[in-house]
Amino acid sequence: MTFLLAGRAAEQLMLTDVSAGSGGPSGSDLAIATNLALKIDTTTGLGAVGPVWRGETATLMLHDNYQMQRVRRRLEDAQMTAENILERNRSLLEDMAKVLVSKRELSGPQLEDLLGRVEPERGEETTLRGQHELHNGRSISKSDGIGDCDGFHSITK
1 MTFLLAGRAA EQLMLTDVSA GSGGPSGSDL AIATNLALKI DTTTGLGAVG
51 PVWRGETATL MLHDNYQMQR VRRRLEDAQM TAENILERNR SLLEDMAKVL
101 VSKRELSGPQ LEDLLGRVEP ERGEETTLRG QHELHNGRSI SKSDGIGDCD
151 GFHSITK
């Protein structure tokens with residue numbers, strides 16, 4: 001969710017407000033993040049009510065104020081995490097914005113070079129390609145395929 005809300009967080013950080021463009025149709029980053037937050041509680045069994053499947057319907061949130069508040073909290077937490085990462089890397093964000101203004105696109109070695117400058121959180125070591133990441137003393141690997149499901153990384157000690 002943090003990744004999905006990073007653009008919105010960048011607008012908040014750099015412009016002190018977000019535009020209507022940070023939301024939008026069902027394929028927007030905000031819509032996808034909202035659906036993910038809802039599914040954590042309603043279809044994966046990972047929510048506050050435990051191993052319960054409540055169906056795949058976003059309208060559930062409209063009729064359940066408690067559920068809507070849980071989703072909102074998850075989204076706000078994810079956006080705050082994104083804002084903290086961006087604030088820690090503000091000069092890099094500004095450099096990327098300058099390149100985008102002049103060239104309208106970032107890709108290949110230029111993008112890799114900029115992303116290689118990302119300041120990781122204290123206590124975490126990450127690599128650009130995301131093949132291995134140390135998090136809380138665990139190695140998280142995308143390449144070994146063990147337990148890899150829908151883009152989630154496997155975790156090994």
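Residues 1 to 157, numbered by the UniProt record's numbering, are exactly what the sequence shown covers, in order. Glycine included, C-beta positions come from ideal geometry on N, C-alpha and C.
Figure out for me which residue from the options has the closest Cα to the Cα of residue i.
| i | options | result |
| --- | --- | --- |
| M14 | E119, S91, L111 and V118 | S91 |
| P120 | A97, L86 and Q12 | L86 |
| D29 | S107, V101, R8 and S102 | R8 |
| L46 | A97, V71 and V118 | V71 |
| G55 | T42, K98, A78 and S26 | T42 |
| residue 159 | E105, V118, V101 and T59 | In this structure the chain extends from 1 to 157, so residue 159 is not present and cannot be described. |
| T59 | A31, V52 and R74 | A31 |
| R73 | V52, M96 and A48 | A48 |
Go ahead and pull the three-state DSSP assignment for residue i.
| i | result |
| --- | --- |
| G47 | strand |
| H135 | Reliability fails at H135, whose pLDDT of 38 lies under 50, so the model's placement of it is uncertain and the value that follows must be treated cautiously. Strand at H135. |
| R117 | coil |
| V18 | coil |
| P25 | coil |
| G130 | Because the pLDDT at G130 is just 44, under 50, the model does not fix this residue reliably, and the point stays unresolved. |
| residue 158 | Any property of residue 158 remains undetermined from this structure, which presents the chain solely from 1 to 157. |
| L38 | helix |
| S102 | helix |
| G55 | coil |
| L111 | helix |
| D4 | It should be noted that the sequence gives Leu, not Asp, for residue 4. Coil at L4, not helix or strand. |
Rounded to the nearest angstrom, how far is the Cβ of residue i from that of residue j, given a contact under 8 Å?
| i | j | result |
| --- | --- | --- |
| M1 | A33 | 5 Å |
| E11 | S22 | 6 Å |
Of all the CB atoms in chain D, is at least one closer than 8 Å to the CB of residue i?
| i | result |
| --- | --- |
| M14 | Among the protein chains of the structure shown there is no chain D, as only one such chain exists. |
contact_flag[the stretch 79 to 94, the stretch 106 to 124] where n(CB pairs < 8 Å) is 3 or more: yes
Cβ contact (3+ pairs, closer than 8 Å) linking the stretch 4 to 14 and the stretch 69 to 86: yes
The stretch 64 to 78 contacting the stretch 34 to 46, beta-carbon criterion three pairs below 8 Å: yes
Beta strand (DSSP E) segments (min. 3 residues) lying fully within the stretch 63 to 91: none
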